[in-house]
Amino acid sequence: MQHDLLIENGTVIDGTGAAPFTADIAVQGGLITAIGRTPGELAGTARETIDARGAWVTPGFIDIHTHYDGQATWDDSFSPSIHHGVTTVVMGNCGVGFAPVRPGREDDLVKLMEGVEDIPGAALHEGIRWNWESFPQYMDALAATPRSLDYLVQVPHDPLRMYVMGERAVAQQAATAEDIDDMRALLREALHAGAAGFSTGRSDNHRTSEGRETPASEASAAELAGIVSAFDGLNHGVVQCVSDFDLLRGAEHFDREFALIEQVARACGRPLSMTWLQRDPGAEQYIAIRDRVEACVAQGLPLYLQTAARGIGVIIGLDASFHPFMGFPGYKEVAHLPLAERAAALREPARKARILGEKSERLAGDGTAIPPLVDLLLARIDMISGRMFPLGPMPDYEPSVMQSFLVRAKQGGISPMAALYDHLAGGDGDHLIYFPIFNYNAGSLDVLGEMLRHPRALAGLSDAGAHVGTVCDASFTTFMLTHWARDRKEGRLAVETVVRMLTQRNADYLGLKDRGTLKVGLRADFNLIDPSELGVGAPRLVADLPAGGKRFLQKATGYRGTWVAGQAVQRDGTVTGARPGTLVRMGH
Ligand SMILES: [Zn+2]
């Protein structure tokens, strides 16, 4: 018995983009030790054999864009990613995170994460132990706990700036040459300890929970180029950047912003990826971004486009982070009731008539994006309800306008607000509404399909671990397989193309040479998937965060198992006790 495990007769989709083939895969000591393409070749050579007839065997998926920085300190299983075939996650994206931190200034980082990523501050306060100051100490603190999945950390710009510049960072003052030197030295120290890169956030939409712009959102080209010169002479590391390219300020600002990113890419010489969305307003901006990236790539700059799997938006529900009625006096009277009772109270005809006749009070500005979003929604509900859809037990992420609340209202001879109200007040109050804000301008995912086909596109933007009360896109890996490879009527992608995007392409971007494909000698990170059963479940709110905080969780069907370094971390949807995952220290 020279192998620990043999996966027999599976349909192997090996991550390279090659056509699926039938083979046996043997595992020993956490590595793939043999691949037999002749039936029965490896039979009887392992202590445990799994019959994989009819099932796909894929490499473990790599999620390059998560915000598990907080959750990782209290949850060792990385849920919900573990339910979606993910075996490696990258955190520290968009410039926000929890290290480095000066003792006593932890609260500043909590407010930043709470505001930018919609993670409840109370959960972060109660959940995080803060037994670090420097970034390498944070890495050591994480690495002290064994976990289900492997993970990589990037150094986020905002904490770095706040650590070095204190109040001047928060006031968005320009960094001095000395500040830049200090930030570069700290990044260098973290990269030496194995950090996977550096991230920065330049979005006008990102605010701290006090409504302030994020500290690094207006950082100059000199600051960024100075910091990333920390990569000089190193053979690892990536730069991740989110910018809205000053969307509303015109073409000249777009050019200036893109030129800055280009300058950063030139200064670091490492792969740089940026968020790629079809925004609204600004539906054509994604074309301008693509053209500039293509021009840079033609000059040899390693730029990449992080692309979502579906429309990015918010999930609306009575217990979610927001819904349109949260500011209505008649709603506020019953807001304290348990969910099912609240829904019943909302269905009382007198209350319903009263609320629908009221106006929303201004929501107390909590600084997050929620109050402006609710304002916008209410001001333009006739139009926006054309892009709001019921999200049922079998979630449809590419609904037609005919399913929208606007059409529902017209058909029922009621107002869009009444149609939304009836839906939210239905059942036990757990009915949800899907409102895709980005990538859905024309009411379909056709544009996204075009983006996913781009050679510089990286499957990403799950934001797993963040936006916990409005989004649950950690399931994007499963959705890529069900929607883009199997269910979509037109414009499907080959399953081997989708698997390659979720595995080898992301591994190559990060410089991970030990995973991403199924080859002898590589890590035994893989999934066993029943394609006929594969599905994305409905998101549901659970109160399992520290301090009783709520978050959306979304599970999947069809994953017979997920193995990390040869150990099953998930079987048939149930997390096992195995904790083979560790911090991946790049360059070590
Ligand atoms: Zn992000």
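Going by the numbering used here, the final residue of the sequence shown carries number 592, and the count climbs one at a time with no gaps. Cβ coordinates follow ideal geometry from the N, Cα and C atoms, glycine included. Source: prediction; values computed, not measured.
#1: For residue 503, collect the residues of the same chain with a Cβ closer than 7 Å to its Cβ; drop the 5 residues on either side in sequence, then sort them by chain order.
#2: Could you tell me how far apart the beta carbons of residue 139 and residue 199 are, in whole angstroms, since I believe they sit closer than 8 Å?
#3: State the DSSP-derived secondary structure class of residue 510, mapped to helix, strand or coil.
#4: Where does residue 95 sit, in a helix, a strand or coil, going by DSSP?
#5: For residue 517, count neighbouring C-beta atoms within 10 Å of its own C-beta (all shown protein chains included) and say buried if the count is 16 or more, exposed if not.
#6: Locate the alpha helix (DSSP H) running through residue 186, then write down its first and last residues.
#7: If contact is defined by three or more beta carbon pairs under 8 Å, each pair taking one atom from either stretch, is the segment 469 to 478 in contact with the segment 117 to 130?
#8: For a minimum of 4 consecutive residues, which ranges assigned as the alpha helix (DSSP H) are wholly contained in the segment 325 to 383?
#9: Return yes when at least one heavy atom of ligand 1 lies under 7 Å from the C-beta of residue 467, else no.
#10: Touch check for the segment 102 to 121 and the segment 207 to 218: three-plus C-beta pairs under 8 Å?
#11: To the nearest angstrom, report how far apart residue 6 and residue 571 are at their CA atoms.
#12: How many Å lie between residue 305 and residue 233 at the Cα?
#13: Can you tell me where the beta strand (DSSP E) holding residue 476 begins and where it ends?
#14: If you measure between the beta carbons of residue 209 and residue 248, is that distance less than 8 Å?
#15: With distances taken from CA atoms, which of 588, 386, 243 and 292 is nearest residue 513?
#16: Could you give the C-beta distance for residue 319 and residue 84, rounded to a whole number, given that I count them as a contact under 8 Å?
#17: For residue 144 and residue 263, I'd like the C-alpha separation in whole angstroms.
#18: If you measure between the beta carbons of residue 188 and residue 230, is that distance less than 8 Å?
#19: Could you tell me which residues DSSP puts in a beta bridge with residue 243?
#20: With hydrogens ignored, establish whether the beta-carbon of residue 546 is closer than 7 Å to any heavy atom of ligand 1.
#21: Step through the CB atoms of chain E and report whether any lies within less than 8 Å of the CB of residue 525.
#22: With contact counted as at least three CB pairs below 8 Å, one residue from each stretch, are the segment 91 to 108 and the segment 485 to 499 in contact?
#23: Report yes or no: do the segment 523 to 534 and the segment 28 to 35 share at least 3 C-beta pairs separated by less than 8 Å?
#24: Please name the residue, chosen from 80, 390 and 342, that lies closest to residue 147 on a Cα-to-Cα basis.
#25: Within a Cβ cutoff of 7 Å, which residues of the same chain sit near residue 583, ignoring the five residues on either side of it in sequence?
#26: Is residue 453 helix, strand or coil when you go by DSSP?
#27: Nearest-angstrom Cα distance between residue 538 and residue 494?
#28: Which one of 478, 468 and 283 has the shortest CA to CA distance from residue 71?
#29: I need the straight-line Cα distance from residue 361 to residue 355, nearest angstrom please.
#30: Please name the residue, chosen from 464, 99 and 478, that lies closest to residue 162 on a Cα-to-Cα basis.
#31: Rounded to whole angstroms, how far is the Cβ of residue 66 from the Cβ of residue 520, which I believe are closer than 8 Å?
#32: For residue 98, verify whether its CB is less than 7 Å away from any heavy atom of ligand 1.
#33: Taking the beta strand (DSSP E) that residue 111 falls in, what are its first and last residues?
#34: If you draw a straight line from the C-alpha of residue 345 to the C-alpha of residue 396, how long is it?
#35: Please report the straight-line C-alpha distance between residue 315 and residue 58, rounded to a whole angstrom.
#36: Decide if residue 254 is buried, meaning its Cβ has at least 16 other Cβ atoms within 10 Å, or exposed.
Reading off the structure:
#1: Annotation for residue 503: 17, 19 and 62 place their beta carbon closer than 7 Å to its own, counting only its chain and skipping 5 residues before and after.
#2: 7 Å
#3: Looking at residue 510 - three-state DSSP - the assignment turns out to be helix.
#4: strand
#5: exposed
#6: 181 to 196
#7: yes
#8: 333 to 336, 343 to 351, 353 to 361 and 374 to 383
#9: yes
#10: yes
#11: 17 Å
#12: Answer to the nearest angstrom: the Cα atoms are 15 Å apart.
#13: No beta strand (DSSP E) holds residue 476; DSSP gives it neither H nor E.
#14: Taking C-beta atoms as the reference points, residue 209 and residue 248 count as a pair closer than 8 Å.
#15: 243
#16: Rounded, the Cβ-Cβ distance is 14 Å, inconsistent with contact.
#17: 37 Å
#18: yes
#19: 202 and 276
#20: Incorrect: residue 546 has no Cβ contact closer than 7 Å to ligand 1.
#21: The structure shown contains no chain E, having only a single protein chain.
#22: no
#23: Segments in contact, yes.
#24: Nearest C-alpha to residue 147: 80.
#25: 80, 150, 151 and 152
#26: Helix.
#27: The alpha-carbon atoms of residue 538 and residue 494 are separated by roughly 19 Å.
#28: Comparing alpha carbon positions, the residue from 478, 468 and 283 closest to residue 71 is 468.
#29: 10 Å
#30: 99
#31: 7 Å
#32: Correct: residue 98 has its Cβ closer than 7 Å to ligand 1.
#33: That residue, residue 111, is in no beta strand (DSSP E); its alpha helix (DSSP H) goes 110 to 121.
#34: 21 Å
#35: 31 Å
#36: exposed
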